[in-house]
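Heads up: the sequence shown begins at 1019 in our numbering, then just goes up one per residue.
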Amino acid sequence: MKTGKILVLEMLKDRTQLNKQRLRSWGHEVVQYEYDQDVHYHVISEKPDLILLQSIGVNGYDIEQCCRRLKSIDQIKKIPLLVQIGMKEYQETRESLYQEGVNDCLPEPIIHTELKVKIQHWLHYTQHRESLRKSQQALEESMQKINRQRAEIDHHLSLAARIQESLIPKNIIEVPRCSFYSHFQPSGKVGGDIYDIFMLDQEHVGLYMIDVMGHGVASSMIAVALSELMVPDISRGTPLKRQIDQPPYYEIVSPGNVIQYLNKRFSFSKYQHYFTIFYMVLNTHTGILRYCRGAHPEPLWIKGSNEIDTLNAYGTPIGFEFSQEHEEGKIQLNPGDRLFIYSDGLMELENNNREAIDYEKLLEIVKKYQLSETQRPMTLLFKRIAEAQGELKDDLTLVEMVWEPKL
């Protein structure tokens, strides 16, 4: 049986002794006060679970005034109020008493079983209401904590997005016998797309495109680490060049060896992330291009003869040290050849028919582009498609290189 603290208010003296004894026999804590001008102080200080107003023998008007006063006080109005009342007053005033906020009336003669049941009911009501209040308070506190954490996460993601965009080259360097075009369009989430183009020496240009899997601060930080590492500066411990004893006192590391180094340096077991990469080294004097691919989408080799090939040397994602080594490819570029290098965000785009641009549809678009005999970069075509999509599902990175552009 549910027990609680009951405050008995007597409007006439010497009427409550029997009630008190019976209530205590049911296991309740009972406190008693005469109804007077200070009654609200007693109620507020005692903090009862239920108020039992003993008003038998009191006229209905005075009972109404008493109940109105009790229910007008904020700290009291939510405490269940039960009124013991004479039958005549009950018949005359019960509707107005309920309007004043009385929770229940017990007319004379008092049936003790009924009193016991009603007290149980209202104590359960109080318990459930208090439980609900605590749950709501806990929920509000949890929501406030979640909102603070969300604001902090949004701040970090915004910072990570700015960091990521700062890694994307604002201007492409001048490269002998080459023209480069690029487009980077971030998605609504922080991703891990980065690329760069740089001269390794006077005759060799390097290019990489990396896509760190996942979104968020962790992916962004790995992208930062990679961009800091992939610079052609021997003094900074770059994997792209190494010192030797004979002039010119350095040698360019092959793409295959660069990928092998990155695969060991950025193991999945250590960082819990992996990434795809395409890395190439082009001899601008001979047009010989060596490359290595770590599960990155196969770049298109669009030849001056309009034949389309791919740079498809085999390679697994960086971070997983599989027994099979990454294959290094080598091609000879001819005047008018194009390379189209892209991240997998391209495959998230849709064509005019709302169909995903898979590899076959990509080839269809490129072939139509060739037939148009336009000299405009293909990156502009895909830029228009991407910008028409609205918010992208994934970062989009495009780099196009034209070898010895035809005049």
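Virtual Cβ for every residue (Gly too), placed ideally from N, Cα, C. Given the structure is predicted, the values throughout are model-derived calculations rather than measurements.
Express the C-alpha separation of residue j and residue i in angstroms, rounding to a whole number.
i: L1351; j: V1193; result: 15 angstroms
i: M1029; j: Q1162; result: 46 angstroms
i: M1365; j: E1221; result: 34 angstroms
i: S1114; j: K1134; result: 24 angstroms
i: N1301; j: F1216; result: 12 angstroms
i: I1252; j: I1240; result: 21 angstroms
i: V1223; j: T1304; result: 12 angstroms
i: R1283; j: T1256; result: 12 angstroms
i: Q1203; j: I1295; result: 18 angstroms
i: T1397; j: E1368; result: 16 angstroms
i: P1315; j: P1250; result: 24 angstroms
i: E1052; j: A1169; result: 54 angstroms
i: V1420; j: D1229; result: 23 angstroms
i: R1112; j: I1171; result: 57 angstroms
i: Y1292; j: H1146; result: 52 angstroms
i: N1371; j: G1363; result: 18 angstroms
i: I1069; j: R1040; result: 15 angstroms
i: M1248; j: Y1279; result: 11 angstroms
i: I1326; j: D1376; result: 16 angstroms
i: E1183; j: N1324; result: 34 angstroms
i: K972; j: K1288; result: What the structure shows of the chain is the stretch from 1019 to 1425, and residue 972 is not part of that stretch, so it cannot be assessed.
i: L1357; j: A1404; result: 20 angstroms
i: G1210; j: D1219; result: 28 angstroms
i: S1090; j: I1074; result: 22 angstroms
Does DSSP put residue i in a helix, in a strand, or in coil?
i: N1301; result: strand
i: I1320; result: strand
i: Q1182; result: helix
i: V1208; result: coil
i: M1248; result: coil
i: Y1108; result: helix
i: V1235; result: helix
i: P1125; result: strand
i: W1421; result: strand
i: V1242; result: helix
i: Y1267; result: coil
i: I1228; result: strand
i: D1362; result: helix
i: K1411; result: coil
i: Q1203; result: strand
i: S1285; result: coil
i: K1163; result: helix
i: Q1396; result: The sequence given here places Met at residue 1396; Gln does not occur at that position. Residue state, collapsed to three classes: helix.
i: L1133; result: helix
Assuming residue i and residue j are in contact, meaning their beta carbons sit under 8 angstroms apart, how far apart are those beta carbons, in whole angstroms?
i: V1120; j: L1099; result: 5 angstroms
i: I1349; j: M1227; result: Contact doesn't hold; Cβ gap of about 17 angstroms is too wide.
i: S1205; j: D1412; result: 5 angstroms
i: S1285; j: G1337; result: 6 angstroms
i: V1242; j: I1270; result: The pair is not a contact, with the Cβ atoms about 24 angstroms apart (cut-off 8 angstroms).
i: D1092; j: T1144; result: Wrong, their Cβ atoms sit about 16 angstroms apart, outside the cutoff.
i: Q1083; j: Q1102; result: 17 angstroms between Cβ atoms; not a contact.
i: G1426; j: E1422; result: Since the first and last residues shown for the chain are 1019 and 1425, residue 1426 lies out of range.
Kindly list the residues whose CB is nearer than 8 angstroms to the CB of residue i, restricted to its own chain and excluding five residues on each side of it in sequence; keep chain order.
i: T1021; result: W1044, G1045, H1046, E1047 and L1141
i: K1038; result: V1026, V1048 and Q1050
i: E1373; result: K1379
i: P1335; result: M1231, Y1292, F1293, T1294, G1312 and A1313
i: V1276; result: P1257, L1258, Y1297 and C1310
i: R1260; result: I1252, Y1268, E1269 and V1271
i: H1344; result: G1274, I1277, Q1278, N1281, C1310, R1311, G1312, A1331, Y1332, G1333 and T1334
i: I1262; result: Y1268 and E1269
i: E1158; result: none
For residue i, which residues from the same chain have a beta carbon less than 6 angstroms from its beta carbon, with the 5 sequence-adjacent residues on both sides left out?
i: Y1079; result: none
i: I1094; result: V1061 and L1088
i: I1212; result: L1185, I1228, A1241 and S1245
i: E1110; result: G1078
Which same chain residues, not among the five before or five after residue i, have their C-beta less than 7 angstroms away from its C-beta?
i: R1086; result: E1118
i: V1057; result: L1027 and Y1051
Any heavy atom of the ligand GDP inside 7 angstroms of the beta-carbon of residue i?
i: M1248; result: The ligand GDP is absent from the structure shown, which contains no ligands of any kind.
Query raised in the report: Given 8 angstroms as the limit, is there contact between the stretch 1233 to 1243 and the stretch 1160 to 1178, that is, 3 or more CB pairs closer than that?
Result: yes
Query - Inter-stretch contact (C-beta, 8 angstroms, three-pair minimum) for the stretch 1139 to 1156 and the stretch 1090 to 1099 - result: yes
Query raised in the report: Can we say the stretch 1308 to 1326 touches the stretch 1375 to 1384, given the rule of at least three CB pairs closer than 8 angstroms?
Result: yes
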